[in-house]
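Here is the structure we will look at.
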Amino acid sequence: MDMTLPPAVPLPDPPRADRPAHYRLSTETWLLILKEYREGATAPFLADKWRVSEHALRRRITLHGATKREWGDSQAIAMATAREAELEEARRNSPEAVAARLFAGLPMPADDGTVEDGAEDPAALARMATLASGRAMRGRLWAEARALGALAETYQRLAAREAETEAAAAGGGGGVRGSGPDGALTIADLPLSLVLQVLEMGTEEKVALFRYPPEGRPDPDRAVRKVFWKMDGLHHRSLSRMHYRRLATESWVEALEEAMAAAGVPLPEEGHLRGWRLMSDDEVFEGAAREMEG
Numbered sequence: 000m001d002m003t004l005p006p007a008v009p010l011p012d013p014p015r016a017d018r019p020a021h022y023r024l025s026t027e028t029w030l031l032i033l034k035e036y037r038e039g040a041t042a043p044f045l046a047d048k049w050r051v052s053e054h055a056l057r058r059r060i061t062l063h064g065a066t067k068r069e070w071g072d073s074q075a076i077a078m079a080t081a082r083e084a085e086l087e088e089a090r091r092n093s094p095e096a097v098a099a100r101l102f103a104g105l106p107m108p109a110d111d112g113t114v115e116d117g118a119e120d121p122a123a124l125a126r127m128a129t130l131a132s133g134r135a136m137r138g139r140l141w142a143e144a145r146a147l148g149a150l151a152e153t154y155q156r157l158a159a160r161e162a163e164t165e166a167a168a169a170g171g172g173g174g175v176r177g178s179g180p181d182g183a184l185t186i187a188d189l190p191l192s193l194v195l196q197v198l199e200m201g202t203e204e205k206v207a208l209f210r211y212p213p214e215g216r217p218d219p220d221r222a223v224r225k226v227f228w229k230m231d232g233l234h235h236r237s238l239s240r241m242h243y244r245r246l247a248t249e250s251w252v253e254a255l256e257e258a259m260a261a262a263g264v265p266l267p268e269e270g271h272l273r274g275w276r277l278m279s280d281d282e283v284f285e286g287a288a289r290e291m292e293g
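Residue 273 in numbering that gives the first Met the number 0 sits at position 274 of the sequence shown; the count goes up by one each step and never skips.
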């Protein structure tokens, strides 16, 4: 059997653009290259990028004391320090830290269940929320300032209601009398500005207003809260059912149109009604807003 090896195939020369340029680089340029090496770049990558020979690059690395062993500790320390700074910034801007700064120095319920003097009084809670809202506004925390302002208004209403209840129980006649039976307040007795505020209340404000109080606290409006949450659940279920019905109708219309087109049957003239049918909810809202602005 012939054991003669085939002739060696000469390797092609690399393209001229990939060959070392053999430039005579200044010390400043070598320092730039070594800086990239210290920051994690590999010697083959840098040799290709700067068109220097890998041998010359490694010689410079050794000459300037830039080996991974000599610079690894400092790089790891620098990255760990930067990461710790990022974590500290995230902790400082976390919701818990922001809340702690906004409520610093104010009487708050303790973790063990004990309460500082006045921390459960609605009037005191309203003052606390107002102060925290002012701090948030000065710190340009607009969302927190708005939420705390709404919370302060809620506690102010609770404080006024408790004062009226106590006055009525004491028989002092200090309660506000309305036009309803036995002096009960009605919507007609409210200022229109207050009625408008009620109509403009957002979901979060409604939830805060009708949220059940902590267990054990007296709640004379519990029956009213139950009615609200029942109505809210009915409203959401109705919206969901109407949404599903609309999806089913649109799917049925699309299937019918595809079948008519496949059968060569022309679609009926809908005029402007077709545009209304194909319009998205966002387009309907934007059109209504434009009409109001006009």
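Glycine included, each C-beta is placed from N, C-alpha and C at the ideal position. Just so we're clear, the structure is a prediction, and the values are computed from it rather than from any experiment.
For Glu-268, name the three-state secondary structure that DSSP assigns. In the three-state scheme derived from DSSP, where H, G and I count as helix and E and B as strand, Glu-268 is classed as coil.
Buried/exposed call for Leu-101, threshold 16 Cβ in 10 Å: Its Cβ being crowded by 16 or more others within 10 Å, Leu-101 is buried.
Segment limits, alpha helix (DSSP H) that includes His-235: Segment 221–261, the alpha helix (DSSP H) holding His-235.
Less than 8 Å separating the beta-carbons of Tyr-211 and Arg-224? In this structure, Arg-224 lies closer than 8 Å to Tyr-211 by Cβ.
How would you call Ile-60, buried or exposed, if buried means at least 16 neighbouring beta carbons within 10 angstroms? It is buried - the Cβ of Ile-60 has at least 16 other Cβ atoms within 10 Å.
So Pro-94 is in the alpha helix (DSSP H); what residue range does that whole segment cover? It spans 94–101 - the alpha helix (DSSP H) in which Pro-94 sits, taken as one unbroken run.
What separation, rounded to the nearest whole angstrom, lies between the Cα atoms of Met-241 and Phe-209? Here the alpha carbons of Phe-209 and Met-241 stand approximately 26 Å from one another.
To which residues of the same chain is Gly-39 closer than 6 Å at the C-beta, ignoring the five residues directly before and after it? Taken in chain order, the list of residues that qualify is empty.
Check the C-beta distance from Leu-45 over to Leu-56 and give it rounded, since I have them as a contact under 8 Å. Between Leu-45 and Leu-56 a beta carbon distance of about 6 Å is seen, short of the 8 Å cut, so the two are scored as contacting.
Using alpha carbons as the reference points, say which of Ala-96, Asn-92, Glu-27 lies closest to His-63. It is Glu-27 whose Cα lies nearest to the Cα of His-63.
To which residues of the same chain is Val-264 closer than 8 Å at the C-beta, ignoring the five residues directly before and after it? There are no such residues.
Spatial distance of Met-127 from Gly-138 (CA atoms): For Met-127 and Gly-138, the distance between alpha carbons rounds to 17 Å.
How many Å lie between Leu-191 and Leu-184 at the Cα? Going from the Cα of Leu-191 to the Cα of Leu-184 covers about 14 Å.
Environment of Glu-84 [buried if 16+ CB atoms lie within 10 Å]: Looking at the sequence provided, one finds Ala at residue 84 rather than Glu. Under a 10 Å Cβ-count criterion, Ala-84 is classified as exposed, with fewer than 16 other Cβ atoms of the shown protein chains found around its own Cβ.
In chain order, what residues of the same chain lie with their CB nearer than 6 Å to the CB of Ala-149, ignoring the 5 residues before and after it? Once the five neighbours on either side are set aside, the close Cβ partners of Ala-149 are Glu-204.
Please report the distance separating the alpha-carbon of Gly-182 from that of Asp-281. Asp-281 has its alpha-carbon roughly 46 Å from the corresponding atom of Gly-182.
Using the C-alpha atoms, what's the distance from Ala-254 back to Pro-267? Near 15 Å, if we compare the C-alpha coordinates of Ala-254 and Pro-267.
Other residues of its chain near Asp-188: CB distance less than 7 Å, five sequence neighbours each side excluded: The beta carbon of Asp-188 lies closer than 7 Å to those of Gly-177, Ser-178 in the same chain, with the five residues before and after it left out.
Where the alpha helix (DSSP H) through Ser-132 begins and ends: That run of the alpha helix (DSSP H) goes 121–137.
Mark Thr-153 as exposed unless 16 or more other C-beta atoms lie within 10 angstroms of its C-beta, in which case mark it buried. Flag for Thr-153 reads buried.
Residue span of the alpha helix (DSSP H) that contains Ser-192, given as start and end: Segment 191–198, the alpha helix (DSSP H) holding Ser-192.
Do Pro-43 and Glu-35 have their C-beta atoms within less than 8 Å of each other? Going by C-beta atoms, Pro-43 is not nearer than 8 Å to Glu-35.
Using the rule of at least 16 other Cβ atoms within 10 Å of the residue's Cβ for burial, across every protein chain shown, is Glu-249 buried or exposed? Glu-249 should be labelled exposed.
Let me know if Arg-134 comes out buried or exposed under the rule of 16 or more other beta-carbons within 10 Å of its beta-carbon. When all chains shown are included, Arg-134 counts as buried.
Rounded Cβ spacing between Arg-37 and Ala-65 (contact assumed at less than 8 Å): Going by Cβ atoms, the distance from Arg-37 to Ala-65 rounds to 6 Å, so yes, they are a contact pair.
Supposed close pair Ala-151, Ser-132 - CB separation, criterion 8 Å: The pair is a contact, with the Cβ atoms about 6 Å apart (cut-off 8 Å).
Segments assigned alpha helix (DSSP H), at least 4 residues, entirely inside the stretch 48–91: Secondary structure remark: continuous alpha helix (DSSP H) runs of at least 4 residues inside the stretch 48–91, in chain order: 53–62, 67–91.
Does DSSP put Gly-365 in a helix, a strand or coil? Residue coverage of the chain in this structure runs from 0 to 293, which leaves residue 365 outside it and unanswerable.
If distances are taken between C-alpha atoms only, which option among Ala-162, Pro-219, Arg-156 comes closest to Leu-193? Nearest to Leu-193 by C-alpha distance, out of Ala-162, Pro-219, Arg-156, is Arg-156.
Taking buried to mean at least 16 other C-beta atoms within 10 Å of its own C-beta, is Val-226 buried or exposed? By the 10 Å Cβ count, Val-226 comes out exposed.
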